[in-house]
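Asker:
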Amino acid sequence: MNSPGGIVDEALQIGKLIRDQGLETVILPSTACLSSCPYVLAGGVLRHVSLRGAVGLHQHYYDTRGYRREQ
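Position in the sequence shown (first residue = 1) + 237 = the working numbering.
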C-alpha cells in the first residue's frame, strides 16, 4: 500500500473487508501509509512493513454527538 490517507470511516470499512477476505497487507520500501491508512493496514491477517517504508498515524477526534473531526 502507498497512501497519504483519507476518510477514517472508509478506511475502517476497507480494513474490515481485507480481514474478512483473509488477506495480508504490505508496505513496501520507499512507500508510506499515513493518516487513516494504518486502519487499512491493521485489517491484514498478516501485516508486513518494510524497514524502509513509513507508517504514520495522527489522532482522530469525535465530538460528543459522534461526529468525526480530524486534525
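Virtual Cβ for every residue (Gly too), placed ideally from N, Cα, C.
1) Per DSSP, which one or two residues make a beta bridge with R284?
2) Are there three or more Cβ pairs, one per stretch, closer than 8 Å when the region 286–300 is compared with the region 253–260?
3) Report the rounded CA-to-CA distance for S240 versus R302, giving the unit in angstroms.
4) Give the DSSP bridge partners of V292, in chain order.
Answerer: Per the coordinate set shown:
1) Translated into the one-based positions of the sequence shown, residue 284 becomes position 47. Looking at the DSSP assignment, R284 forms a beta bridge with T262.
2) no
3) If you number the sequence shown from 1, residue 240 lands on position 3. If you number the sequence shown from 1, residue 302 lands on position 65. So the alpha carbons of these two residues sit roughly 29 Å apart.
4) Against the sequence shown, residue 292 aligns to sequence position 55. In DSSP, V292 forms a bridge with C270.
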